[in-house]
């Protein structure tokens with residue numbers, strides 16, 4: 003293919019432009035490419051965040067610091083507006099998280115003006131929850147509005163599929179092989195007996211009937227979500243709270259939600275509103291998994307019909323051997339025990355590998371789970387079949 007010199011020049015300029023935006027710095031870090039207009043404005047927003055090493059006051063090239071957002075709320079508000087102008091929402095969310103981590107902007111999120119300017123996502127909710135106890139009253143209503151928007155978006159994304167998947171699992175778990183006549187599921191019965199079709203009579207002889215028990219509309223299963231609220235589990239707490247509210251809305255499930263650090267809090271009464279659940283948590287602090295499991299164990303009334311989901315990075319500050327004994331005892335009684343190292347899109351955080359291996363040896367393998375996979379994991383647990391554990 004022939005390429006004209008003009009085309010090559012244009013392509014080279016575009017590559018230099020992109021490298022200049024990536025590398026930053028005075029003089030384009032050797033590119034020799036000068037930015038103008040929108041590109042220059044975009045570069046300034048990137049320089050403010052990424053143009054210095056946090057805590058050094060020096061640019062990458064060793065000169066005096068030029069970027070940075072400082073501690074000025076008006077300046078941060080302008081910067082938040084700029085990044086929303088120049089970048090798509092997914093990139094804005096990443097830059098906001100980096101700004102909070104690199105430049106220590108958490109305190110500014112306690113101001114209503116800041117919250118109104120940010121792009122809300124799961125990670126921002128986690129940050130707000132960690133600041134909940136320090137949040138002034140003037141900010142709390144704005145913070146709740148931000149959290150509610152994220153929660154509503156998550157419910158729209160997750161609720162329908164979760165209900166459909168778990169309803170199917172519950173129906174299958176309630177299926178009986180000797181139903182009364184008016185409880186027969188004729189469609190499944192015919193399919194199960196097609197091998198018994200008699201062509202001369204043009205009929206199927208049903209050797210096995212398939213139907214549903216009379217308890218189909220009553221509570222069939224109990225679910226206990228036991229959530230570690232240590233700081234590293236922020237995104238998992240958000241997703242688990244939303245799923246908890248969805249599960250609680252299903253009449254065939256009796257759902258309990260328990261959060262813990264070194265103490266244990268039962269938030270089941272708040273499950274009608276996941277925002278109330280989230281503001282009832284307190285991210286950070288220590289971890290006592292044994293105490294949390296002891297509480298959950300005390301609330302189990304029908305072990306063979308109960309699923310316990312522990313969501314934790316497994317860094318145990320309590321009594322390790324007692325924790326493992328409780329898990330073993332619950333499984334021996336018939337409880338389906340699921341251990342999730344994370345319930346988020348980011349994969350597994352740092353976790354205690356020894357504890358994960360010990361739980362796996364008890365038949366409760368620990369793995370990270372995305373929100374999209376969670377309904378399938380719960381369906382498998384409810385039906386007492388192998389869990390769909392993702393490959394490492």
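In our numbering, the protein residues as written are 3 to 394.
C-beta atoms are modelled at their ideal positions from N, C-alpha and C, and glycine is treated no differently.
As the structure is a prediction and not an experimental result, all values here were calculated from the model.
Below 8 Å on the Cβ atoms is my contact criterion, and I expect residue i with residue j to pass it. Report the Cβ-Cβ distance as a whole number of Å.
i	j	result
residue 284	residue 268	Not a contact, Cβ separation roughly 14 Å.
residue 240	residue 146	Contact doesn't hold; Cβ gap of about 14 Å is too wide.
residue 228	residue 312	5 Å
residue 223	residue 389	In fact, because the Cβ distance is near 16 Å, the residues do not count as touching under 8 Å.
residue 261	residue 231	5 Å
With DSSP collapsed to three states, give me the class of residue i.
i	result
residue 187	coil
residue 200	strand
residue 56	At residue 56 the pLDDT is 46, less than 50, meaning the model places this residue with poor confidence and gives no usable figure here.
residue 369	strand
residue 227	strand
residue 22	helix
residue 135	helix
residue 313	strand
residue 387	coil
residue 38	coil
residue 129	helix
residue 261	strand
residue 339	strand
residue 345	strand
residue 162	helix
residue 100	helix
residue 2	Because the chain in this structure spans residues 3 to 394, residue 2 falls outside the shown range and cannot be described.
residue 211	coil
residue 218	Legend: pLDDT at residue 218 = 45, less than 50; position of this residue unreliable, value from coordinates given subsequently. Of the three classes helix, strand and coil, the one that applies to residue 218 here is helix, per DSSP.
residue 111	helix
residue 2	The structure shown has nothing for residue 2, since the chain only spans 3 to 394.
residue 156	helix
residue 398	With the chain covering 3 to 394 only, the question about residue 398 has no answer from this structure.
residue 266	strand
I'd like to check one pair, residue j with residue i: are the Cβ atoms closer than 8 Å?
i	j	result
residue 83	residue 136	no
residue 235	residue 315	yes
residue 329	residue 361	yes
residue 157	residue 237	no
residue 138	residue 117	no
residue 439	residue 226	The question about residue 439 has no answer here: the residues shown for the chain are numbered 3 through 394.
residue 26	residue 41	no
residue 122	residue 152	yes
residue 326	residue 376	no
residue 273	residue 149	no
residue 114	residue 87	no
residue 81	residue 50	yes
residue 367	residue 337	no
residue 271	residue 292	no
residue 382	residue 350	no
residue 206	residue 186	no
Using DSSP's beta-bridge definition, name the partner residues of residue i.
i	result
residue 334	Note: residue 334 sits in no beta bridge, so no partner.
residue 205	200
residue 47	Paired residue(s): none; residue 47 is not in a bridge.
residue 308	224
residue 256	224
Comparing the CB of residue i with every heavy atom of the ligand ATP, is any distance shorter than 7 Å?
i	result
residue 273	Judged by which ligands are present, the structure shown has none, so any question about the ligand ATP falls away.
Cβ contact (3+ pairs, closer than 8 Å) linking the region 339-353 and the region 274-293
Taking 8 Å as the limit for Cβ pairs, the verdict is that the region 274-293 does not touch the region 339-353.
Indicate whether the contact test is met: 3 or more Cβ pairs, each with one atom in the region 243-255 and one in the region 202-210, closer than 8 Å.
Taking a cut-off of 8 Å on C-beta distances, the region 243-255 does not touch the region 202-210, as fewer than three cross pairs fall below it.
Contact between the region 292-307 and the region 154-174 (3+ Cβ pairs under 8 Å):
Of all C-beta pairs linking the region 292-307 to the region 154-174, fewer than three are shorter than 8 Å, placing the two stretches out of contact.
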